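J.: Mind having a look at this structure? Questions to follow.
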Amino acid sequence: MLTLSPRNKLSVAYTLIALWLASTVFAFWWFQFRHQFAFNENTQVLEIPDDFKEKLHLSSEEQHALVVHFFDKDCLCSRFNQAHVQEIINNYSTLGVDFRIAVPDASQIKIAEETFGQPAFVANNLEFAGSPLALVFNQQIEPAYLGAYSESIYCSSTPGQNVETVLDQLIKQGRLSTQLSSSRGCFCPWEAGQKT
């Protein structure tokens, strides 16, 4: 039987602690940061396909804006912004803002509608899509904003965040030139039609 001297026992203990710490740091990085990147749409003109626009009818003439929330239940990043999106829906739906939930495949329509209480539809053929992402349209169904919900890595509902600022301006002014966000956040690629 192998016996270790007290000094060797201490070395083994330090080695095990170092391995445990390294594993913990790697696990934290893997689960928290693997989906974080900068959202920076370099396109000067945001092209929205006609079939996508057809799904975005405003409910009434009094609507000031339409927010399309890109939601993929399989995206780990979605858990960080669900409360913020629900807060935006609650605060702005009474102020003339309409909401739709875009999902990558038909199997997610029901869960999206149950989660957010808003109509959901399948969005495909979009080069700019990711999850979670906000696409805000003015009353004429012209894009006013595309990007993250907030400037931080984790979605924040503090005043003055991206989507709220755009909505406030649309409610007051009615029209804005398209704003593309270049913030850093947690996003997953949009893989429309990959699942059944």
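Start counting the sequence shown at 1; every next residue gets the next number (UniProt numbering).
Think of the CB as a built atom: it goes at the ideal place given N, C-alpha and C, for glycine as much as any other residue.
Keep in mind that this is a model prediction, so the values were computed, not measured.
1) Going by DSSP, what residue range makes up the alpha helix (DSSP H) through N90?
2) Between the Cα of residue 269 and the Cα atoms of C186, S5, N138, I111, which residue gives the shortest distance?
3) Report the option in T165, A120, R175 whose CA atom is closest to the CA atom of P143.
4) Check whether the region 96-112 and the region 62-74 touch, using three or more Cβ-Cβ pairs below 8 angstroms as the test.
5) Give me the Cα-Cα distance between F52 and N124, rounded to the nearest whole angstrom.
6) Which residues does DSSP list as the beta-bridge partners of A120?
7) Got a sec, what are the start and stop residues for the alpha helix (DSSP H) L167 sits in?
8) Between the beta-carbon of Q86 and the beta-carbon of F116, is there less than 8 angstroms?
9) Is it buried or exposed, I17, if we count other Cβ atoms within 10 angstroms and call 16 or more buried?
10) So D72 and P104 are supposed to be a Cβ contact under 8 angstroms. How far apart are they, rounded?
11) In terms of DSSP beta bridges, what is residue 222 paired with?
12) Would you report the Cα separation of C77 and A129, rounded to the nearest angstrom?
13) Taking the alpha-carbon positions, what's the A112 to N8 distance?
T.: On the basis of the supplied data:
1) Here the alpha helix (DSSP H) through N90 covers 82-92.
2) Summary: the structure shown does not reach residue 269, with the chain confined to residues 1 through 196, and so no result is reported for it.
3) Comparing alpha carbon positions, the residue from T165, A120, R175 closest to P143 is R175.
4) Because the criterion of three Cβ pairs below 8 angstroms is met, the region 96-112 and the region 62-74 touch.
5) Roughly 8 angstroms between the two C-alpha positions.
6) A120 is bridged to I101.
7) Segment 162-173, the alpha helix (DSSP H) holding L167.
8) In this structure, Q86 sits near F116, with a CB-CB distance shorter than 8 angstroms.
9) Answer is exposed; the Cβ neighbour count stays below 16.
10) With a Cβ gap of about 5 angstroms, D72 and P104 count as contacting.
11) As displayed, the chain neither begins before 1 nor continues past 196, which places residue 222 out of reach and without an answer.
12) Between C77 and A129, the C-alpha separation is close to 14 angstroms.
13) CA-to-CA, the gap between A112 and N8 works out to about 57 angstroms.
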